[in-house]
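Number of protein chains: 2
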Amino acid sequence: MKKLFFCLLTCLPVLTIFAQGDDSVIIKAIANEILVNGKAYDNLRYLTKQIGARLSGSSGMVKAEQWGLNTMKQSGADKSWLQECMVPHWVRGGKEELKVTNGAEKNHQLAVAALGNSTGTGPKGITASVIEIKSFEDLEKNKDNVKGKIVFYNYKFNPRFIKTFESYGEAVMYRYMGPAAAAKYGAVGVIVRSMTHSMDNYPHTGSTASGDTIPKIPSMAIGLRDADWLDDQLQKTPVNVFYKTNAHFLPDTIGHSVIGELTGSESPDEIITVGGHLDSWDLAEGAHDDGAGVVQTMEILRTLKAIGYKPKHTIRFVLFANEENGLRGGAKYAEEAKAKNEKHIFALESDAGGFTPRGFSFGGSPEQLKKVQSWIPLLQPYGVYEIEKGGGGADVGPVSQAFGIPAAELIPDTQRYFDYHHARSDVFENVNKRELELGALNMAAFIYLVDKYGL
Amino acid sequence: MKKLFFCLLTCLPVLTIFAQGDDSVIIKAIANEILVNGKAYDNLRYLTKQIGARLSGSSGMVKAEQWGLNTMKQSGADKSWLQECMVPHWVRGGKEELKVTNGAEKNHQLAVAALGNSTGTGPKGITASVIEIKSFEDLEKNKDNVKGKIVFYNYKFNPRFIKTFESYGEAVMYRYMGPAAAAKYGAVGVIVRSMTHSMDNYPHTGSTASGDTIPKIPSMAIGLRDADWLDDQLQKTPVNVFYKTNAHFLPDTIGHSVIGELTGSESPDEIITVGGHLDSWDLAEGAHDDGAGVVQTMEILRTLKAIGYKPKHTIRFVLFANEENGLRGGAKYAEEAKAKNEKHIFALESDAGGFTPRGFSFGGSPEQLKKVQSWIPLLQPYGVYEIEKGGGGADVGPVSQAFGIPAAELIPDTQRYFDYHHARSDVFENVNKRELELGALNMAAFIYLVDKYGL
């Protein structure tokens, strides 16, 4: 009987579709608008090629904000504005260097990128010997051997996980917590193997932990070919290196999230948020991370207007500031919403790349999850077949927590994401137009269904 | 009641997983072997970069056959051999040209590629005016206006279809039947808009109908930018062109399919076939079409050996000759199997690119379809969530028909396939290692399940 009951529940998606004829038609209209008249790809070309990198505090950030506001208006927002927030201003600060200083490979250079929010060595650099550490357990075993040395975390991105975010979740701890952990035992610098499957040797940057109570030492990433090379050298001989990064913080500066709004026709006070983040790392065009989410967000707005859909609730389209190294935009958005006593009901994010969609991650009650899963038959023709328990991305976290509301995130196919993530290779050319569009159309459909049926 | 019955059937996949614990473990072993120790990507690099294009009759074909036989042995085949078949020997025959000869755009050149199996103009070329035709209905309306002209089929690849093979199925008729249809009304040449969404302007070749009873005129493809340009010109002014292709057939020559075998432990006389095609068009490396299928086929063999799996049935791994412009390898394989009175039970193909897998297409009875669909929960962790009614690809068609057995094909995500299909851009760099591997592992799992449970 239990099995039969379970069966009835899992069959609901199949049965409810017959009641959703209108929904199929509207979602088809959304799909056709995006696939035939889509602007997301052209917008992404402009953002990546005309503006490019846009780390918080950079001139690219300012240009991106202005472009975002203009594009939000062109996309048909009823209202649009900039939401100010103070953002950290971390800079790479010029030439970085990692060079062998002893033995047969003397003067051999490795390609490096300082980790975001890391501290630098100053212009003189340091010279020290390298110790390879395979894991945090390995660090504990070697805690008496790292003093005065540069710790090389060579934790490999695990190929056994099918969804690469699981490999990332495991490996990123060495980037995020590794420097502080090594500093505790007296290390003078850190080298981290990049979190990627890609053998193209680009170093992948990304935030490392920072803050007043966290011990700081210079830290940088190297690509996989260099990591394997260094590992190989260290099997044979001690390796000393000249190690230099000029990374440092400037004072916090003013940044902005860009917000557009379609005002609700029935419950204008109830707000649905959809967004991506406008900032990117300094090394790349930020095409997948998160140019894709940015242009998808505005494409949903453009499309709902284009097909003449009048949302019942107010829909906010947000290009968040400073996701990469501070999350100040997401925090400010929630803070201001609370201060204004707004009523928020749902938030959706796209920050996993412009790849072909597979599903959504959803954080809500079991009943709410069941409800959104009942919509899968409507999305499956467009490539979405699973809505898994999870949550939204980083930017919608604060608003979700502040209001205790469900948040969700688009889950595209993950195989290529970490090939480009936080590296120079995250460029427009690596985004496929239709994959980007299919993400936008599934998000638009999801927003439409939440607007129509609630949660 | 009917709905409940339907419900019970659709729930079977959920229920049967509990009986398949061993299967999960074996499929996980397959997955780990491929993702950690995989050779498919390196093999593909060799095939595309060291051998490259390998159209039937070319020197590349001969090199590919030798490489295939060696790699089949290295992958662990119990037996391996070449299966001879006569193959067509069509050649492009040197420089192709399409150039405007009148008006303000005189001498403007378009990038062209003669269609496979097409006839040429000879070295002197032809000069004629161009008439644009939007569809076969349009051709009928204009049948009195095409005599002596070059017909430009400008049928657009439909962006509304989510699965791009549907756009292809519709548009490819103009490449395949268009030249013969235009010849019937006295056209002297054909230009076809390429079947792609990609705006990179590469012309996409591919077979056009040929045979003694089919009227033949020279025919070539142009890329999308050139097609839009030509359309634009024709709105404004008559366009005359110089049109030259040297395409022609040489006498049929000897080609080979490459076959490897794992001999069955319980029913060695019952044969399961898995394969892809070894030939490619002359313009490209044939990385997705069908280098991917070739290396996936041998990866399944290598993996089953590596994990120590002893198949009950004999499994044949086949790199088919001449899929692109003749299908002689597939036909010969079936013919010889019949002549030898072999017993075949199932055939699986990969010929839709090395992209992230989404499902399988399966041609069999409703009961057989239901049975293979009950395996979906075992494959879903690896990205396969649908097994749709359909059939195998072109190469396994003949053996499926000859023996009346089910055939299946891997269905990868289709968004990028026609960006590269039959064009110069179908190169190794456009294949992602893990997407290729995920295809191989789902195919290996499918073969394992058919071997274990039958159909």
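Protein chains in written order, with the numbering used here: chain A, 108 to 562; chain B, 108 to 562.
We treat Cβ as the ideally placed atom computed from N, Cα and C, and that holds for glycine.
Asked	Found
What three-state label does DSSP hand L122(A) in the structure shown?	Confidence is the limiting factor: at L122(A) the pLDDT is only 40, short of 50, which leaves the residue's position unreliable, though a coordinate-based value still follows. L122(A): helix per DSSP, three-state reduction.
Decide if A446(B) is buried, meaning its Cβ has at least 16 other Cβ atoms within 10 Å, or exposed.	exposed
Helix or strand or just coil, what does DSSP make of I378(A)?	strand
Nearest to P418(B) by alpha carbon, out of I407(B), L426(B), A428(B)?	I407(B)
Determine whether the Cβ of Q403(B) lies closer than 9 angstroms to any Cβ atom of chain A.	no
Do we get a CB-CB distance below 9 angstroms when we pair Q522(A) with the residues of chain B?	yes
Going by alpha carbons, who is nearest to D319(A) out of D376(A), A287(A), A501(A)?	A287(A)
Going by DSSP in three states, F243(A) sits in which element: helix, strand or coil?	helix
Could you give the distance in angstroms between the alpha-carbon of E431(B) and the alpha-carbon of D386(B)?	7 angstroms
Output, in chain order, the set of chain A residues within a Cβ distance shorter than 7 angstroms of P488(B).	I269
Do you know whose CA, among L222(B), A509(B), I257(B), A501(B), lies nearest I233(B)'s CA?	I257(B)
Can the beta-carbon of G227(A) be found less than 9 angstroms from the beta-carbon of A354(A)?	yes
Would you say K540(A) lies against chain B (beta-carbon separation less than 9 angstroms)?	yes
So, at 6 angstroms on beta carbons, what are the nonlocal neighbours of P375(B) in its own chain, with the 5 sequence-adjacent residues on each side left out?	T421
Could you name the residues of chain B that L142(A) contacts, counting a contact when the two beta carbons are closer than 7 angstroms?	P266, R267
Which residues of chain B have a Cβ atom closer than 8 angstroms to the Cβ of A304(A), listed in chain order?	For clarity, residue 304(A) is His in the given sequence; the question names Ala instead. Ordered by position in chain B, the residues that pass the 8 angstroms Cβ test against H304(A) are K540, R541.
What residues from chain B crowd round T463(A), counting only those whose CB sits closer than 8 angstroms?	T463, D520, Q522
Figure out for me which residue from F259(B), G436(B), G561(B) has the closest Cα to the Cα of L189(B).	G436(B)
Taking all protein chains shown into account, decide if G383(B) is buried (16 or more other Cβ within 10 angstroms of its Cβ) or exposed.	buried
Given a threshold of 16 other Cβ atoms within 10 Å of its Cβ, counted over all protein chains shown, does V346(A) qualify as buried or as exposed?	buried
Could you say which of M405(A), H363(A), G362(A), W388(A) lies nearest to V381(A) if we only look at CA atoms?	M405(A)
Listing by chain order, which chain B residues have their CB less than 8 angstroms from the CB of Y492(A)?	Y492, E493
What residue from H451(A), L331(A), G546(A) has the CA that sits closest to S457(A)'s CA?	G546(A)
With DSSP as the reference, please indicate the residues paired to W197(B) in a beta bridge.	F356(B)
What's the call for V132(A), buried or exposed, on a 16-neighbour Cβ count within 10 Å?	exposed
Going by DSSP, name the residue or residues bridged to K351(B).	E204(B)
Please classify N144(B) as buried or exposed, where buried requires at least 16 neighbouring CB atoms within 10 angstroms.	exposed
Tell me the DSSP secondary structure of Y260(B) in three-state form.	strand
Thinking just about the alpha-carbon of each residue, which of S236(B), F462(B), E442(B) is nearest to the one in L517(B)?	F462(B)
Residues of chain A with CB under 8 angstroms from N261(B), in chain order?	Per Cβ cutoff of 8 angstroms: no residues; N261(B) is ~17 angstroms from chain A at best.
When we look at the beta-carbon of A551(A) and count the other beta-carbons within 10 Å, is it buried (16 or more) or exposed?	buried
Under 9 angstroms, Cβ to Cβ, is there at least one residue of chain D near D526(B)?	No chain D is part of this structure, whose protein chains are labelled A and B.
Consult DSSP for G546(A) and reduce its assignment to one of helix, strand or coil.	helix
Mind checking which residues open and close the beta strand (DSSP E) that includes G466(A)?	464-470
Could you tell me if I327(A) is buried or exposed, where buried requires 16 or more neighbouring beta carbons within 10 angstroms of its beta carbon?	The residue asked about is misnamed: residue 327(A) is Met in this sequence, not Ile. The residue is buried, with at least 16 neighbouring Cβ atoms inside 10 Å.
CA-CA distance, I158(A) and D397(A)?	14 angstroms
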